[in-house]
Amino acid sequence: MLATISSTNNALSTEAGSCRSVCWEGGSFRPHPDKSTPHWESGRWKMFHKVRDKTPEIDDLQRLLWTQRGPGNHMDEVWPNIYVGDLWAARNLKMLQNQGITHVLNATHGVLGVSTGSSYYCHLPVTYHGIQAFDDPAFDLSAFFHEAANFIQGALDTPGGKVLVHCAMGLSRSATLVLAFLMLRKQLTLVEALRTVSVHRNICPNRGFLSQLRDLDLQLSQQQSKGSGENLMSSATLHRK
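Under full-length UniProt numbering, the residue at position 7 of the sequence shown is numbered 7, and the numbers go up by one with no gaps.
Put into structure tokens, the structure is as follows:
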């Protein structure tokens, strides 16, 4: 019991500490909304879109997080049927049942993380998947981007499916995996994904995770450019014929 409490406190303090070092300046959060940023809105869902010619640097991505702050509930819907939450939400079976959660992705699975697992949800119609990740800038979370994206997409493809992606505080690990999903499966740029998620929940990926997301953004941008170039060449060849 003492070991469980200790591991939970460690998970909380690690993620909270990394968030304070990135998202708060001078001990307080001062949002400066960018009112010039164009966006479209469908119902209550708002996705920001900003044309760019290159992937922003890490410092610019951090400033983007400083400029807007969504709610900070135990669990928030950041994309239709995708929720980001903390360990309290993950352990609150009544809340999960009331929200209609059908899938749970635990980004802090393991002995030192949030010890739930499939057996914890045995009395609910919930599909569980765990990833043992640490909220450490040196940790390679990108190794799990596709694995997490596949699980989240599987949840959305399930009739009535709703997925909770959580870690200790719902700020860094879980948010990073959802951002990667939006980039991989919904074709959002990193900036679009950050703006979309952060308007619905206060998030704070650590600097290392932002760097990994930035690398993913560069890879996807290069693939898109290569595909566009090949299409143009194919079109030109057909035109000459």
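We treat Cβ as the ideally placed atom computed from N, Cα and C, and that holds for glycine.
Asked                                                                                                                                 : Found
Touching by the beta-carbon criterion (3+ pairs, under 8 Å), the stretch 161–178 and the stretch 201–217                              : yes
Integer-rounded CB distance, given that G130 should sit under 8 Å from H109                                                           : 3 Å
Residues bridged to Y83 [DSSP beta-bridge criterion]                                                                                  : E77 and L164
Coarse secondary structure for T108, derived from DSSP in three states                                                                : strand
Touch test, the stretch 190–201 against the stretch 73–84, Cβ-Cβ under 8 Å, three pairs minimum                                       : yes
Euclidean distance between Cα positions of P137 and V191                                                                              : 20 Å
Beta-carbon gap between D167 and A89 smaller than 8 Å                                                                                 : A small correction: the amino acid at residue 167 is Cys; Asp does not occupy that position in the sequence shown. For C167 and A89, no; Cβs fall outside 8 Å.
Through-space distance from V163 to H103, alpha-carbon basis                                                                          : 5 Å
Residues sharing a beta bridge with G130, DSSP                                                                                        : N106
CA nearest to the CA of C122, picked from H146, R91, L184 and L216                                                                    : R91
Residue ranges of each beta strand (DSSP E) within the UniProt domain "Tyrosine specific protein phosphatases" (142–201), 3 or longer : 163–166
Coil, strand or helix - R63 by DSSP                                                                                                   : helix
Of the residues L218, Q219 and R214, the one placed nearest D59, counting alpha carbons only                                          : R214
Buried or exposed by the 16-neighbour rule on C-beta atoms within 10 Å, applied to L218                                               : exposed
Simplified DSSP assignment, three categories, for Q212                                                                                : helix
P125 burial status per 10 Å Cβ neighbour count (16 or more: buried)                                                                   : exposed
Any 3 or more C-beta pairs closer than 8 Å across the stretch 147–161 and the stretch 61–72                                           : no
CB of A193 within 8 Å of CB of A149, strictly                                                                                         : no
Assigned exposure category for N98 - 16 Cβ within 10 Å defines buried                                                                 : exposed
CB contact flag (G113, Y128, <8 Å)                                                                                                    : no
Between the CA atoms of Y120 and F145 - distance to the nearest angstrom                                                              : 25 Å
For Q222, the three-state DSSP class (helix, strand or coil)                                                                          : helix
Delimiting residues of the alpha helix (DSSP H) encompassing L96                                                                      : L93 to Q99
Exposure of D140, with buried meaning 16 or more beta-carbon neighbours within 10 Å                                                   : exposed
V178 vs I101 beta-carbon contact at 8 Å                                                                                               : no
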